[in-house]
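Residues in the sequence shown are numbered consecutively from 1, following UniProt numbering.
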Amino acid sequence: MIQLSQTNIISIIILIIIYFSLRKHTKASHYSNRYFFSLLWFNVAVLISDILIVQFNGSATSLGRYVLLSALTIYFIVALSILVTWLFYVDHRINKRLKNIKSICVIFGPILIVHLVLLVLSFNRGYFFYVDANGFHQRGEMLIPLIVFNVSVFAFSMGYIVFNQKYIPISDFKALLFFPVPLILAVAVQLFEPQLRVLWPSMTLSILVIYIYIQSKITNTDSLTGVFNRREYEYQVYNIENNKNIKKTIGAILIDINNFKSINDDMSHQAGDKALIELGRILTKSVRKNDFIARIGGDEFCVIMQIDKEDKLFEIINRIEKNLADYNKKAVHDYCLSISMGYGIYHDKYYESMENFLYSLDRKMYEDKAKSKQNLSVSI
1 MIQLSQTNII SIIILIIIYF SLRKHTKASH YSNRYFFSLL WFNVAVLISD ILIVQFNGSA
61 TSLGRYVLLS ALTIYFIVAL SILVTWLFYV DHRINKRLKN IKSICVIFGP ILIVHLVLLV
121 LSFNRGYFFY VDANGFHQRG EMLIPLIVFN VSVFAFSMGY IVFNQKYIPI SDFKALLFFP
181 VPLILAVAVQ LFEPQLRVLW PSMTLSILVI YIYIQSKITN TDSLTGVFNR REYEYQVYNI
241 ENNKNIKKTI GAILIDINNF KSINDDMSHQ AGDKALIELG RILTKSVRKN DFIARIGGDE
301 FCVIMQIDKE DKLFEIINRI EKNLADYNKK AVHDYCLSIS MGYGIYHDKY YESMENFLYS
361 LDRKMYEDKA KSKQNLSVSI
């Protein structure tokens, strides 16, 4: 009993740490975050209910019996809520919109309502659980069908994830597919060993995996292009500025799309989004694995790298130009994707700060943009 309470309390502490870690750097109103936070707090609620169930199981007092029945009712209601919220979360991670939420409600809503009614009635009639004369809770006759339903929904979610695999980044795919596995295994364990109450601590493990591989990336990556966002860019700049242990030379490139406003205005915002996505891919293809790429605003990107020789910077610039030219040869849209760049090597002897260095690159980038406009007008 003591070990169970300790395990649940540790799980609750982990969940609260995850919440505050994520809440500090993200918007709770974002639907993906909203569903994730709901899963997290439902897990906390069911862990607390589980503690109360164990503590008051076998209580001889009327108050203890009432607390036990209340905790069991909350336990099962929250378990059903977790099921629905997980379906919403999976669908939103795949489709990035709310359209299919109604379909999920239509398909599973009636079944969930029936289960919810039976659950509430269990307080007096014992469909899913009841408390015997000695104050111990026992399994009701409808508990096994409820468990089968729950496992079936989780299995359905796994099939849905696999079916839509091509729409999901590989790290997201693995994390989403993993989430139900500890829960399903824990259900099997508790069916045969009811005293081993490992179901909800196992969900904490699932939530931790989702946090590491999906939710934490939402806070530091640009949702459109997949490269890092401005928040992570500012962190990198601050780290370089204040980290005296960096031994290698720092090089950086600022990149801006030429005539981006015309692409947006003349061809549609979808075309503009496509241009940003493709430039993100070109930059990712052009740099090395450990180089840093961020979209820092609008159509502006930044690459920061640690290099042994200054020649490495120019090698990367040449690869960007080559990959951009190759892309334009194969592209099927009505515009030529072109960019302006400002680049250089950071020497603290010449620049007062990393911020000052990047400001100089920004000026070089706009000088390059002005030259490209002049060359275009001359060619016309």
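Every residue gets a Cβ at the ideal spot worked out from N, C-alpha and C, and that includes glycine.
As the structure is a computational prediction, the values presented were derived from the model and not from experiment.
**Asked** Based on Cα-Cα distance, which residue from 209, 186 and 124 lies nearest to residue 199?
**Response** 186
**Request:** Please check the pair residue 258 and residue 340, which I expect to be a contact at CB under 8 Å, by giving their CB distance rounded to whole angstroms.
**Result:** 6 Å
**Prompt:** What residue from 21, 229 and 48 has the CA that sits closest to residue 12's CA?
**Reply:** 48
**Request:** Output yes or no for whether 7 Å exceeds the beta carbon distance between residue 52 and residue 19.
**Result:** Not in contact: residue 52 and residue 19 (Cβ atoms no closer than 7 Å).
**Asked** If you follow the beta strand (DSSP E) that residue 137 is part of, which residue opens it and which one closes it?
**Response** Taken as a continuous stretch (DSSP letters only), the beta strand (DSSP E) holding residue 137 covers 137-139.
**Asked** Per DSSP, what kind of secondary structure is residue 254 in: helix, strand or coil?
**Response** strand
**Prompt:** Can you tell me the Cα-Cα spacing of residue 105 and residue 303, whole angstroms?
**Reply:** Cα to Cα, the separation comes out at about 44 Å.
**Message:** Could you pull the DSSP bridge partners for residue 38 from this structure?
**Reply:** Residue 38 is not bridged to any residue.
**Asked** Within the chosen definition, does the stretch 206-216 reach the stretch 252-266 through at least 3 CB pairs nearer than 8 Å?
**Response** no
**Prompt:** residue 91 to residue 108, Cα distance in whole Å?
**Reply:** 14 Å
**Request:** Sort out for me which residues DSSP pairs residue 225 with in a bridge.
**Result:** Residue 225 is not bridged to any residue.
**Sequence-distant residues of the same chain with beta carbon closer than 6 Å to residue 300, five excluded per side** = 256
**Request:** Tell me residue 131's beta-bridge partners as DSSP assigns them.
**Result:** 137
**Asked** Where do the ends of the beta strand (DSSP E) carrying residue 305 lie?
**Response** Where residue 305 is concerned, the enclosing beta strand (DSSP E) stretches over 300-307.
**Request:** Give me the Cβ distance between residue 307 and residue 313, rounded to the nearest whole Å; I'm assuming they're in contact under 8 Å.
**Result:** 6 Å
**Asked** If you follow the beta strand (DSSP E) that residue 294 is part of, which residue opens it and which one closes it?
**Response** 292-297
**Prompt:** How long is the line joining the alpha carbons of residue 110 and residue 7, rounded to whole angstroms?
**Reply:** 35 Å
**Request:** Drop a sphere of 10 angstroms on the beta-carbon of residue 224, count the other beta-carbons inside from all chains shown, and report buried for 16 or more, exposed for fewer.
**Result:** Residue 224 sits exposed, since fewer than 16 C-beta atoms from the chains shown fall within 10 Å of its C-beta.
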